[in-house]
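Please read the structure below before turning to the comments.
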């Protein structure tokens, strides 16, 4: 049974958030104003699919940054779990702790697995004005970061010709 609210739609303002990272610093949507934000939700730190996805973002981060993109991961794990995960795999981008699942819920990405709340593997590409440009609800962890690079390249090209 899903707990999640409706997904925010492409073209809508992205829901705001205010979550702690592994260094005890808060992040919110306005921190990324003027940048493309890859906001990805994932179920659990240090599990096979989540590790593959995070490491792909790590490996492709320079390409994403050249396109003006920033990567932020969110799960219901706590900051300590995120810190261990980030250290183990040398993840250079913020992992945010959504312990009660409220932010995942606001993005339609919260699910209930028996008695445990988890974030679904959803990604939102948010433009520099805080508007959702693309949603990814079916993610192939082995090529997801490249898919976002391709889409971000196309979106930026389309916007520059308008």
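In our numbering, the protein residues as written are 9 to 170. In this text, a Cβ means the ideal position worked out from N, Cα and C, and glycines have one as well.
Under the three-state DSSP convention, the category residue 50 falls into: If DSSP states are grouped into helix, strand and coil, residue 50 belongs with coil.
With a cut-off of 8 Å on the beta carbons, I'd call residue 103 and residue 94 a contact; round off their distance for me. In this structure residue 103 touches residue 94 by the C-beta definition: roughly 6 Å separates them, less than 8 Å.
Sorted by chain position, which residues of the same chain lie with C-beta nearer than 8 Å to residue 75's C-beta, five sequence neighbours on each side aside? Around residue 75: 44, 157, 160, 161 and 164.
For the 8 Å Cβ check, are there 3 or more pairs between the segment 128-136 and the segment 51-67? Judged by Cβ distances under 8 Å, the segment 128-136 makes contact with the segment 51-67, as three or more pairs qualify.
Determine which residues share a DSSP beta bridge with residue 83 and list them. The secondary-structure analysis by DSSP pairs residue 83 across a beta bridge with 105.
Check the C-beta distance from residue 109 over to residue 84 and give it rounded, since I have them as a contact under 8 Å. About 5 Å separates the two Cβ atoms, so the contact holds.
On a CA-only basis, which of 37, 120, 57 and 88 is nearest residue 138? Give me that one, please. For the residues 37, 120, 57 and 88, the minimum Cα distance to residue 138 belongs to 37.
Below 8 Å between beta carbons: does that hold for residue 106 and residue 82? Going by C-beta atoms, residue 106 is nearer than 8 Å to residue 82.
Just checking my contact of residue 15 with residue 143 at CB under 8 Å: how many whole Å lie between their CB atoms? Contact holds; Cβ gap of about 7 Å.
May I ask you to report which of helix, strand or coil DSSP gives residue 7? Residue numbering for the chain in the displayed model covers 9 to 170; residue 7 lies beyond these limits and cannot be assessed.
List in chain order: all unbroken beta strand (DSSP E) runs of 3+ residues lying wholly within the segment 125-160. Qualifying beta strand (DSSP E) stretches, in chain order: 131-134 and 140-144.
Under the assumption that residue 64 contacts residue 152 (Cβ atoms under 8 Å), give the Cβ distance between them as a whole number of angstroms. Between residue 152 and residue 64 the Cβ distance is about 6 Å, and since that is below 8 Å, they are a contact.
Can the beta-carbon of residue 46 be found closer than 8 Å to that of residue 133? Taking the C-beta atoms as reference points, residue 133 is found nearer than 8 Å to residue 46.
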